[in-house]
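Every letter in the sequence shown is one number past the one before it in the UniProt record's numbering, and letter 64, counting from 1, is 64.
Don't be surprised by glycine CBs; every beta carbon is placed ideally from N, CA and C.
See below for the structure under consideration.
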Amino acid sequence: MTNLEKMNELVGTINSAKEQVINWAYMNRIPLCCLCDEQEFEEMENSVEAFMDTVFYMNSDDENEIWDKFLDANYID
Numbered sequence: 001m002t003n004l005e006k007m008n009e010l011v012g013t014i015n016s017a018k019e020q021v022i023n024w025a026y027m028n029r030i031p032l033c034c035l036c037d038e039q040e041f042e043e044m045e046n047s048v049e050a051f052m053d054t055v056f057y058m059n060s061d062d063e064n065e066i067w068d069k070f071l072d073a074n075y076i077d
């Protein structure tokens with residue numbers, strides 16, 4: 001299961017596209033590092049922390065690209 005699939009599951013949607021999630025994060029000013037502060041996404045903490053430990057995350061300053069890669073990554077329980 002990808003992080004996108006898990007986010008869709010947690011909010012009860014089936015196929016929100018990556019672009020919709022990225023736009024939601026942008027409009028609500030939620031950087032990936034703060035995703036777990038949102039009540040409905042608290043259980044994604046392991047996925048967020050694992051992704052934040054990647055070289056890609058540490059070397060990127062493009063939040064849209066960060067979200068894009070995170071949503072494609074495998075969910076970590």
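Helix, strand or coil for residue i per DSSP?
i	result
N74	strand
With 16 other CB atoms within 10 Å as the buried threshold, where does residue i fall?
i	result
N3	buried
V55	exposed
M44	buried
S47	buried
Is it the case that the Cβ atoms of residue i and residue j are separated by a distance below 7 angstroms?
i	j	result
F51	A73	yes
residue 105	V21	Since the first residue shown for the chain is 1 and the last is 77, residue 105 is missing from the structure and cannot be characterised.
I66	L35	no
K6	Y75	yes
N8	S16	yes
Item to check | alpha helix (DSSP H) runs wholly inside the stretch 6-77, at least 4 long, in chain order | outcome: Residue ranges of uninterrupted alpha helix (DSSP H) with 4 or more members, entirely inside the stretch 6-77 and ordered along the chain, are 18-27, 45-52, 55-59 and 63-72.
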